[in-house]
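Asker: I'd like to ask you about the structure that follows.
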Amino acid sequence: MESRRSLPWFRQLHWQILAAMVLGGLAGALGGPAIVDKVGWLGTLFLRLLRMIIVPLIFTSIVSGVSSVGGGRDLGRLFSKTLGYYVLSSLVAILVGLTVVNLIQPGASGEALGGETFALPEITTPSSPVDLLLDIVPENLIAAAAEPNYLAIILFAILLGMSITALPTEPRERLVGFFEAGFQAMMKLTSGVIIFLPIGVFGLIARLVGATGFDSFKALGLYILTLVTGLTLHLLVTLPLLLIVLGRIDPRIHFKNMAEPLMMAFSTSSSAATLPLTIRNVEEKVGVSNRVTSFVLPMGATVNMDGTALFECVGALFIAQTLGADLTLVQQALVVVTALLASIGAAAVPSAGLVIIFIVLDAVNLRGPAVDALVGAMLAIDRPLDMYRTAVNVFSDSCGAAIIAKSEGEQNIDAA
Numbered sequence: 014m015e016s017r018r019s020l021p022w023f024r025q026l027h028w029q030i031l032a033a034m035v036l037g038g039l040a041g042a043l044g045g046p047a048i049v050d051k052v053g054w055l056g057t058l059f060l061r062l063l064r065m066i067i068v069p070l071i072f073t074s075i076v077s078g079v080s081s082v083g084g085g086r087d088l089g090r091l092f093s094k095t096l097g098y099y100v101l102s103s104l105v106a107i108l109v110g111l112t113v114v115n116l117i118q119p120g121a122s123g124e125a126l127g128g129e130t131f132a133l134p135e136i137t138t139p140s141s142p143v144d145l146l147l148d149i150v151p152e153n154l155i156a157a158a159a160e161p162n163y164l165a166i167i168l169f170a171i172l173l174g175m176s177i178t179a180l181p182t183e184p185r186e187r188l189v190g191f192f193e194a195g196f197q198a199m200m201k202l203t204s205g206v207i208i209f210l211p212i213g214v215f216g217l218i219a220r221l222v223g224a225t226g227f228d229s230f231k232a233l234g235l236y237i238l239t240l241v242t243g244l245t246l247h248l249l250v251t252l253p254l255l256l257i258v259l260g261r262i263d264p265r266i267h268f269k270n271m272a273e274p275l276m277m278a279f280s281t282s283s284s285a286a287t288l289p290l291t292i293r294n295v296e297e298k299v300g301v302s303n304r305v306t307s308f309v310l311p312m313g314a315t316v317n318m319d320g321t322a323l324f325e326c327v328g329a330l331f332i333a334q335t336l337g338a339d340l341t342l343v344q345q346a347l348v349v350v351t352a353l354l355a356s357i358g359a360a361a362v363p364s365a366g367l368v369i370i371f372i373v374l375d376a377v378n379l380r381g382p383a384v385d386a387l388v389g390a391m392l393a394i395d396r397p398l399d400m401y402r403t404a405v406n407v408f409s410d411s412c413g414a415a416i417i418a419k420s421e422g423e424q425n426i427d428a429a
């Protein structure tokens with residue numbers, strides 16, 4: 014921790030990203046269209062690196078998180094409560110984001126690409142719930158990964174993780190260890206890819222500004238306002254309401270007890286890095302037993318990503334609005350379902366939401382150079398937003414631990 018804190022400012026990722034944005038903007042403005050082919054490939058390469066890790070990342074993340082639960086009636090009950098809370102809180106977060114993005118309409122002006130026109134891909138969606146179910150269940154997992162069909166991969170990973178928990182002790186522990194090791198390896202790889210984020214940002218911004226000028230960023234201010242509004246509403250309104258309604262817990266006391274983990278989550282942008290401090294505060298200050306924290310919080314750092322789920326919904330609809338795609342209620346419902354399932358696979362590392370948003374975009378067939386340009390612009394200003402999202406994720410985890418502990422009969426949770 015000491016070496017991390019003592020890093021000079023120029024080695025800190027958020028300053029590197031800021032410098033890359035400025036340099037990319039200057040390069041694009043000075044180089045014009047000629048700069049696009051010279052440095053634009055850097056952004057394309059970074060986006061390909063992100064896409065490269067999606068399938069193994071979400072697969073190992075979900076299987077290791079679900080399979081680590083274990084067996085027994087008590088653990089089954091605890092698993093049901095935990096998963097139920099995480100699905101509820103993530104779904105509420107997505108609905109908050111859906112409401113805010115439809116009210117504010119941050120991409121309605123269509124100016125985020127500076128007037129540059131691209132062919133809008135055809136928006137597709139299953140014609141019925143049965144078709145959606147058939148699309149989710151893969152005939153061939155390898156083929157689903159090659160397409161890629163992310164919803165099918167997520168469903169298979171959840172079912173495999175649940176099946177592992179039902180195995181006898183020896184094979185269960187062997188498989189849990191295998192997938193946990195695989196997940197740790199993918200987290201290392203993801204962190205390694207994120208190191209090149211400033212280079213990717215430079216290439217994406219230089220290409221964007223070189224092709225379209227600074228008019229490309231006109232709509233981003235409204236996008237930022239929309240996302241911050243949604244995250245703030247979820248952090249200060251919906252999560253406190255869940256504490257009150259489900260746990261009879263005073264949100265003010267819970268905020269006070271979780272102040273340190275929230276600050277660390279904001280500064281590191283990583284639920285995983287914050288997890289040890291989160292566990293300590295939830296046990297020592299909130300008053301939750303180790304039995305609950307050791308189960309709920311590690312699982313939450315893997316599958317409970319309220320802020321990320323909200324971001325995916327807002328980001329996908331912002332891109333659709335900017336491209337002039339008028340999504341119907343059914344299509345927006347598909348975005349909601351996909352964002353909910355995809356957020357389960359968002360690893361607890363910085364900027365993991367940037368990886369997962371491609372899943373939501375693919376669900377409604379939003380692909381191509383226009384989408385890549387918009388994702389690149391969103392990526393360039395994502396660091397402070399990712400910090401805020403991570404704080405929301407960690408706070409939701411702590412709320413879940415407190416609520417579940419209360420439901421298990423534990424006393425003095427968030428006592429004054």
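When you read off a place in the sequence shown, starting at 1, and then add 13, the result is the number in this note's numbering. Quick reminder that beta carbons are idealized off the backbone N, C-alpha and C, glycines included. Please read all numbers here as calculations on a predicted model, not as lab measurements.
#1: What are the boundary residues of the alpha helix (DSSP H) that A156 is part of?
#2: Could you please give the first and the last residue of the uninterrupted alpha helix (DSSP H) stretch that includes L259?
#3: Tell me the DSSP secondary structure of V377 in three-state form.
#4: DSSP state of E129, grouped into three classes?
#5: CA-CA distance, S411 and F308?
#6: Please say whether N317 and Y99 have beta carbons closer to each other than 8 Å?
#7: According to DSSP, is G195 helix, strand or coil?
#8: My output table needs one value for M271: the three-state DSSP class, helix, strand or coil.
#9: Rounded to whole angstroms, what is the Cα-Cα separation between L233 and T335?
#10: When the Cβ atoms of the stretch 283–298 are set against those of the stretch 67–77, are three or more pairs found closer than 8 Å?
#11: Can you tell me the Cα-Cα spacing of M34 and L173, whole angstroms?
#12: On a CA-only basis, which of L210, D395, P311, L244 is nearest G110? Give me that one, please.
#13: Quick one: what's got a C-beta closer than 7 Å to F192's C-beta in the same chain, skipping five residues either side?
#14: Using three-state DSSP, classify F8 as helix, strand or coil.
#15: If you check the beta carbons only, do I66 and T203 fall under 8 Å apart?
#16: Hey, how far is the Cα of E297 from the Cα of T239?
#17: By the 10 Å Cβ neighbour count, where 16 or more other Cβ atoms means buried, how is G260 classified, buried or exposed?
#18: Let me know the secondary structure DSSP gives P69 once reduced to three states.
#19: Alpha carbon to alpha carbon, how far is G97 from L342?
#20: Grab me the residues of G56's own chain with a C-beta within less than 7 Å of its C-beta, minus the 5 sequence neighbours each way, in chain order.
#21: What would DSSP say about P181, mapped onto helix, strand or coil?
#22: Going by DSSP, what residue range makes up the alpha helix (DSSP H) through D339?
#23: In the DSSP assignment, find the alpha helix (DSSP H) that holds L244 and state where it starts and stops.
#24: Taking C-beta to C-beta, are A157 and P151 nearer than 8 Å?
#25: For T106, which residues in the same chain have their Cβ closer than 6 Å to its Cβ, ignoring the five residues on either side in sequence?
#26: Which value, in whole angstroms, describes the spacing of the CA atoms of G422 and F331?
#27: Which of the three DSSP states, helix, strand or coil, is assigned to Q345?
#28: Please confirm if F408 has its CB atom under 8 Å from at least one CB of chain B.
#29: In angstroms, rounded to a whole number, what distance separates the CA positions of L223 and L43?
#30: Return the CA-CA distance between L354 and T287, expressed in angstroms with no decimal places.
#31: State yes or no: is the C-beta of A376 within less than 8 Å of the C-beta of T351?
#32: One question on the structure: do G195 and G313 come within less than 8 Å of each other, judged by their Cβ atoms?
#33: With DSSP collapsed to three states, give me the class of Q118.
#34: Per DSSP, what kind of secondary structure is D385 in: helix, strand or coil?
#35: Are the CB atoms of G300 and I426 nearer to each other than 8 Å?
#36: Once DSSP output is grouped into helix, strand and coil, what is the label at I394?
Answerer: Checking against the coordinates, here is how it stands:
#1: Position 143 of the sequence shown, counting from 1, holds the residue named residue 156. Per DSSP, A156 belongs to the alpha helix (DSSP H) from 154–159.
#2: Along the sequence shown, one-based indexing puts residue 259 at 246. Taken as a continuous stretch (DSSP letters only), the alpha helix (DSSP H) holding L259 covers 252–260.
#3: The residue given as residue 377 occupies position 364 in the sequence shown. Reduced to three states, the DSSP call for V377 is coil.
#4: Your numbering for residue 129 matches position 116 in the sequence shown. Only weak support is given to the placement of E129: the predicted model assigns it a pLDDT of 45, under 50, and the value that follows is read from those uncertain coordinates. Reduced to three states, the DSSP call for E129 is coil.
#5: The sequence position of residue 411 within the sequence shown is 398, counting from 1. The sequence position of residue 308 within the sequence shown is 295, counting from 1. One C-alpha to the other measures close to 12 Å.
#6: Position 86 of the sequence shown, counted from the start, is the residue given in the question as residue 99. Position 304 of the sequence shown, counted from the start, is the residue given in the question as residue 317. Yes.
#7: Taking the sequence shown and counting its residues from 1, one reaches residue 195 at position 182. Three-state DSSP puts G195 in a helix.
#8: Counting from 1 along the sequence shown, the entry for residue 271 is found at position 258. Correct three-state label for M271: coil.
#9: Locating residue 233 in the sequence shown gives position 220, counting from the first residue. Locating residue 335 in the sequence shown gives position 322, counting from the first residue. The straight-line gap from Cα to Cα measures roughly 10 Å.
#10: no
#11: In the sequence shown, counting from the first residue as 1, residue 34 sits at position 21. In the sequence shown, counting from the first residue as 1, residue 173 sits at position 160. The alpha-carbon atoms of M34 and L173 are separated by roughly 42 Å.
#12: Here residue 110 corresponds to residue number 97 of the sequence shown, with the count starting at 1. With distances taken between Cα atoms, G110 lies closest to L244.
#13: The residue labelled residue 192 in the question sits at position 179 within the sequence shown. So the qualifying residues of the chain are T73, V76, S77, S80.
#14: Limits of the chain in this structure are 14 at one end and 429 at the other, which puts residue 8 out of reach.
#15: Within the sequence shown, numbered from 1, the residue matching residue 66 stands at position 53. Within the sequence shown, numbered from 1, the residue matching residue 203 stands at position 190. Contact flag set, yes.
#16: Within the sequence shown, the letter at position 284 stands for residue 297. Within the sequence shown, the letter at position 226 stands for residue 239. Computed Cα separation, rounded: 36 Å.
#17: Within the sequence shown, the letter at position 247 stands for residue 260. Result: buried.
#18: Looking up residue 69 in the sequence shown gives position 56. Helix.
#19: Taking the sequence shown and counting its residues from 1, one reaches residue 97 at position 84. Taking the sequence shown and counting its residues from 1, one reaches residue 342 at position 329. Cα to Cα, the separation comes out at about 25 Å.
#20: On the sequence shown, residue 56 is found 43 positions in, with the first residue counted as 1. Closer than 7 Å at the Cβ level, and outside the excluded window around G56, lie G213, G216, L217, R220, G389.
#21: In the sequence shown, counting from the first residue as 1, residue 181 sits at position 168. Reduced to three states, the DSSP call for P181 is coil.
#22: Locating residue 339 in the sequence shown gives position 326, counting from the first residue. That residue, D339, is in no alpha helix (DSSP H); it is neither H nor E in DSSP.
#23: Here residue 244 refers to the residue found at position 231 of the sequence shown. Residues 233–246.
#24: Here residue 157 is taken as the residue at index 144 of the sequence shown, counted from 1. Here residue 151 is taken as the residue at index 138 of the sequence shown, counted from 1. The answer is yes: Cβ separation under 8 Å.
#25: The residue you call residue 106 lines up with position 93 of the sequence shown. Residue identity check: residue 106 is Ala in the sequence provided, not Thr. Cβ neighbours of A106 beyond the five flanking positions: H247, D319, A322, L323.
#26: Locating residue 422 in the sequence shown gives position 409, counting from the first residue. Locating residue 331 in the sequence shown gives position 318, counting from the first residue. Computed Cα separation, rounded: 43 Å.
#27: Working through the sequence shown from its first residue, we reach residue 345 at position 332. The answer is helix: DSSP assigns Q345 an H, G or I state.
#28: The structure shown contains no chain B; it is built from a single protein chain.
#29: Stepping through the sequence shown from its first residue, residue 223 is reached at position 210. Stepping through the sequence shown from its first residue, residue 43 is reached at position 30. Residue identity check: residue 223 is Gly in the sequence provided, not Leu. Those two C-alpha atoms are separated by around 8 Å.
#30: If you number the sequence shown from 1, residue 354 lands on position 341. If you number the sequence shown from 1, residue 287 lands on position 274. If you take the alpha carbons of L354 and T287, they lie about 23 Å apart.
#31: As a position in the sequence shown, residue 376 is number 363, starting the count at 1. As a position in the sequence shown, residue 351 is number 338, starting the count at 1. Yes, the pair counts as a contact, with Cβ atoms nearer than the cut-off.
#32: For this step, residue 195 is matched to residue 182 along the sequence shown. For this step, residue 313 is matched to residue 300 along the sequence shown. For G195 and G313, no; Cβs fall outside 8 Å.
#33: In the sequence shown, the residue the question calls residue 118 occupies position 105. Reduced to three states, the DSSP call for Q118 is coil.
#34: As a working mapping, residue 385 is identified with position 372 in the sequence shown. Three-state result, D385: helix.
#35: Taking the first residue of the sequence shown as position 1, residue 300 is located at position 287. Taking the first residue of the sequence shown as position 1, residue 426 is located at position 413. Yes, they are a contact pair.
#36: Taking the sequence shown and counting its residues from 1, one reaches residue 394 at position 381. DSSP places I394 in coil when its eight states are reduced to three.
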